[in-house]
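What follows is a single structure, written as structure tokens, with notes after it.
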Amino acid sequence: MNLKRQIIAIFGSLLIFSLIAGCIGEDGTQTNATNNAVIESYNLSNTTIETSKLSEADINNTQKTVTEPPKVYMTYEITPEGLVAIYEALGRNVTGNVAVKISTGEPGGNNYLHPELIGNLVRLVNGTIVECNTAYGGGRAETAMHKQVMIDHGFTAIAPTDIMDEDGEISLPVNNGEHLEEFIVGSHFENYDSWVILSHFKGHAMGGFGGAMKNVAIGIASPNGKTIVHSAGTYNNVGQIWDAFRTTPQDDFLEAMAEANGAFLDEVGDNVVYINVLNRMSVDCDCDSNPAEPTMADIGILASLDPVALDQASVDLVYAAPDGQDLIERMESRNGPHILDYAAEIGIGSCEYELVILDD
1 MNLKRQIIAI
11 FGSLLIFSLI
21 AGCIGEDGTQ
31 TNATNNAVIE
41 SYNLSNTTIE
51 TSKLSEADIN
61 NTQKTVTEPP
71 KVYMTYEITP
81 EGLVAIYEAL
91 GRNVTGNVAV
101 KISTGEPGGN
111 NYLHPELIGN
121 LVRLVNGTIV
131 ECNTAYGGGR
141 AETAMHKQVM
151 IDHGFTAIAP
161 TDIMDEDGEI
171 SLPVNNGEHL
181 EEFIVGSHFE
191 NYDSWVILSH
201 FKGHAMGGFG
211 GAMKNVAIGI
221 ASPNGKTIVH
231 SAGTYNNVGQ
241 IWDAFRTTPQ
251 DDFLEAMAEA
261 NGAFLDEVGD
271 NVVYINVLNR
281 MSVDCDCDSN
291 PAEPTMADIG
301 ILASLDPVAL
311 DQASVDLVYA
321 APDGQDLIER
331 MESRNGPHIL
341 DYAAEIGIGS
351 CEYELVILDD
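Start counting the sequence shown at 1; every next residue gets the next number (the UniProt record's numbering).
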């Protein structure tokens with residue numbers, strides 16, 4: 001069996017497991033060299049999948065009632081070319097004034113997505129790199145210092161940049177939220193027609209992992225908005241952020257992040273694409289000034305039009321990796337995968353997906 005067929009077999013098995021069990025629960029330019037190790041960690045030689053024969057009428061009826069799972073595209077090539085290819089595979093061109101949402105990375109850390117990797121894609125979409133100030137202090141808590149970080153980390157050399165809450169904040173309604181009534185984002189949110197949610201997938205001290213949904217829920221929120229999400233709606237002032245950290249039940253925080261994504265989607269509709277880069281996967285977030293060194297190998301780049309499917313596939317790949325134990329422990333110790341279950345439950349996206357490998 002050649003490499004590509006092995007990969008498809010592995011992820012076919014993972015998808016079957018997902019259908020049975022439901023959801024389970026920055027940067028240089030380099031190519032992942034651990035694909036064979038991931039593949040060899042599974043033994044599929046004795047696996048037999050039996051399918052029943054369906055009549056043509058049965059097939060037609062099934063096609064009418066079953067919705068195809070969203071596609072998640074994957075490449076092992078963590079390069080500027082790989083990033084452009086994964087975007088183009090989505091088949092949805094972002095247009096107008098395009099926001100590219102990344103993490104600019106806390107000073108001291110080095111795991112954020114570097115300009116050398118993302119520059120070609122940002123220029124292709126004629127995008128503006130956008131961020132919001134942090135709520136916890138650090139080197140990006142004020143606009144002036146945050147702009148300096150953007151300069152120091154090289155982002156101003158590849159594209160226009162924007163601190164979205166520099167001139168204030170606006171409220172987006174949360175429809176039918178269990179925890180949130182509003183999602184507070186930087187006021188410049190209104191300036192953009194389309195979005196590229198470009199996320200470095202890694203661990204997170206509070207969420208267990210950070211991917212596309214965390215990049216939206218915390219990343220485009222103003223400091224007050226971050227406080228609302230972290231407190232699951234209890235507090236709305238950044239001066240209360242540490243109270244939010246200390247007192248909010250973990251699952252409530254995760255569910256609030258999912259609800260914030262719902263508010264975002266209600267506003268942007270189909271004018272968004274999501275990309276996760278699975279490299280330099282520390283157990284710590286890029287908001288950490290001294291993150292732990294990654295203990296697992298790079299995996300690749302994933303992209304989807306469905307943020308839940310994208311984060312679910314990213315989590316599944318970590319579970320499939322032979323060296324993912326530390327990140328798995330971080331995710332499970334924070335009940336991180338719960339956000340996937342809840343997001344699917346409230347209609348943000350799907351935990352089921354079809355993985356499409358771009359590499360030959």
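Glycine included, C-beta positions come from ideal geometry on N, C-alpha and C. In this text, all values refer to a predicted model and were calculated from it rather than measured experimentally.
Other residues of its chain near residue i: CB distance less than 6 Å, five sequence neighbours each side excluded
| i | result |
| --- | --- |
| Ser187 | Asp167, Gly168, Glu169 and Ile170 |
| Gly211 | Ser199, Phe201, Asn276, Asp311 and Ser314 |
| Leu317 | Ile299 |
| Ala244 | Thr227, His230, Ser231 and Tyr235 |
| Val130 | Ala99, Lys101, Asp162 and Met164 |
| Gly138 | Glu106 |
| Thr48 | Residue placement at Thr48 cannot be trusted, given a pLDDT of 30 that sits under 50; the coordinates are not used to answer. |
| Asp326 | Val283 and Thr295 |
Residue i versus residue j: straight-line alpha-carbon distance, rounded
| i | j | result |
| --- | --- | --- |
| Lys147 | Gly233 | 29 Å |
| Pro249 | Pro173 | 23 Å |
| Ile339 | Asp251 | 8 Å |
| Ile102 | Thr67 | 31 Å |
| Asp165 | Asp286 | 20 Å |
| Pro70 | Ile86 | 15 Å |
| Ile59 | Gly262 | Its pLDDT being 42, under 50, Ile59 is placed unreliably in this model, and the value from its coordinates should be taken loosely. In a straight line, the C-alpha of Ile59 is about 34 Å away from that of Gly262. |
| Asn111 | Leu117 | 12 Å |
| Ile328 | Met296 | 11 Å |
| Ile218 | Thr128 | 19 Å |
| Glu354 | Met145 | 42 Å |
| Leu180 | Ile301 | 32 Å |
| Asp193 | Tyr319 | 36 Å |
| Leu15 | Asn175 | Confidence at Leu15 is low in this model, with a pLDDT of 43, below 50, so the placement of that residue should be treated as unreliable; the coordinate-derived value is given next. Approximately 31 Å between the Cα atoms of the pair. |
| Gly91 | Cys132 | 28 Å |
| Gly203 | Asn93 | 30 Å |
| Arg280 | Glu77 | 14 Å |
| Asp152 | Glu142 | 15 Å |
| Met331 | Glu255 | 15 Å |
Extent of the continuous beta strand (DSSP E) to which residue i belongs
| i | result |
| --- | --- |
| Glu169 | Glu169 to Pro173 |
| His204 | Lys202 to His204 |
| Ala303 | Gly300 to Ser304 |
| residue 375 | As shown, the chain starts at 1 and ends at 360. That puts residue 375 outside it, with no answer to give. |
| Leu278 | Val272 to Leu278 |
| Thr143 | No beta strand (DSSP E) contains Thr143, which is instead part of the alpha helix (DSSP H) from Thr143 to Asp152. |
| Ala99 | Val98 to Lys101 |
| Phe209 | Gly208 to Gly210 |
| Asp162 | Thr161 to Ile163 |
| Val130 | Gly127 to Glu131 |
| Val185 | Glu182 to Gly186 |
Beta carbon of residue i nearer than 8 Å to that of residue j
| i | j | result |
| --- | --- | --- |
| Leu358 | Thr79 | no |
| Met213 | Phe253 | no |
| Val272 | Ile220 | no |
| Phe264 | Val216 | yes |
| Phe183 | Ala260 | yes |
| Pro115 | Phe155 | yes |
| Met150 | Thr95 | no |
| Phe209 | Gly336 | yes |
| Ser289 | Val72 | no |
Contacting residues, own chain, Cβ-Cβ under 7 Å from residue i (five flanking each side not counted)
| i | result |
| --- | --- |
| Ala135 | Pro223, Lys226, Thr227, Val238 and Ile241 |
| Leu124 | Val84 |
| Asn191 | Asn97 |
| Gly119 | Pro80 and Ile158 |
| Gly177 | Glu259 |
| Asn126 | Val98 |
| Val122 | Val100, Ile129, Ile158 and Ala159 |
| Phe189 | Met164, Ile170 and Ile220 |
| Ala292 | Ser282, Val283 and Asp284 |
| Ala343 | Met213, Ala258, Asn261, Val308 and Gly349 |
| Arg140 | Thr104, Glu106, Asn133, Thr134, His146 and Val149 |
| Val268 | Trp195 |
| Pro294 | Arg280, Met281 and Ser282 |
Alpha helix (DSSP H) segment containing residue i, residue limits
| i | result |
| --- | --- |
| Gly119 | Pro115 to Leu124 |
| Leu355 | Looking at the DSSP string, Leu355 is not in any alpha helix (DSSP H); the run it does join, the beta strand (DSSP E), is Glu354 to Ile357. |
| Asp252 | Gln250 to Val268 |
| Phe245 | Ile241 to Thr247 |
| Val229 | Pro223 to His230 |
| Gly82 | Pro80 to Ala89 |
Cutoff 8 Å: residue i Cβ touching any chain C Cβ
| i | result |
| --- | --- |
| Asp306 | Chain labels in this structure do not include chain C; a single protein chain is all it has. |
Contact test: residue i Cβ vs the ligand GDP heavy atom, cutoff 7 Å
| i | result |
| --- | --- |
| Val229 | Of ligands this structure carries none, so the ligand GDP is not represented either. |
Close beta carbons around residue i, own chain, < 8 Å, minus the five adjacent residues each side
| i | result |
| --- | --- |
| Asp306 | Pro70, Val72, Tyr274, Gly349, Ser350 and Tyr353 |
| Ser333 | Gly208 |
| Val356 | Lys71, Val72, Tyr73, Met74 and Ala89 |
| Asp266 | Leu172, Pro173 and Asn175 |
| Thr247 | Ser231 and Thr234 |
What runs of the alpha helix (DSSP H), each 4 residues or longer, lie entirely inside the region 308-360?
325-333 and 338-345
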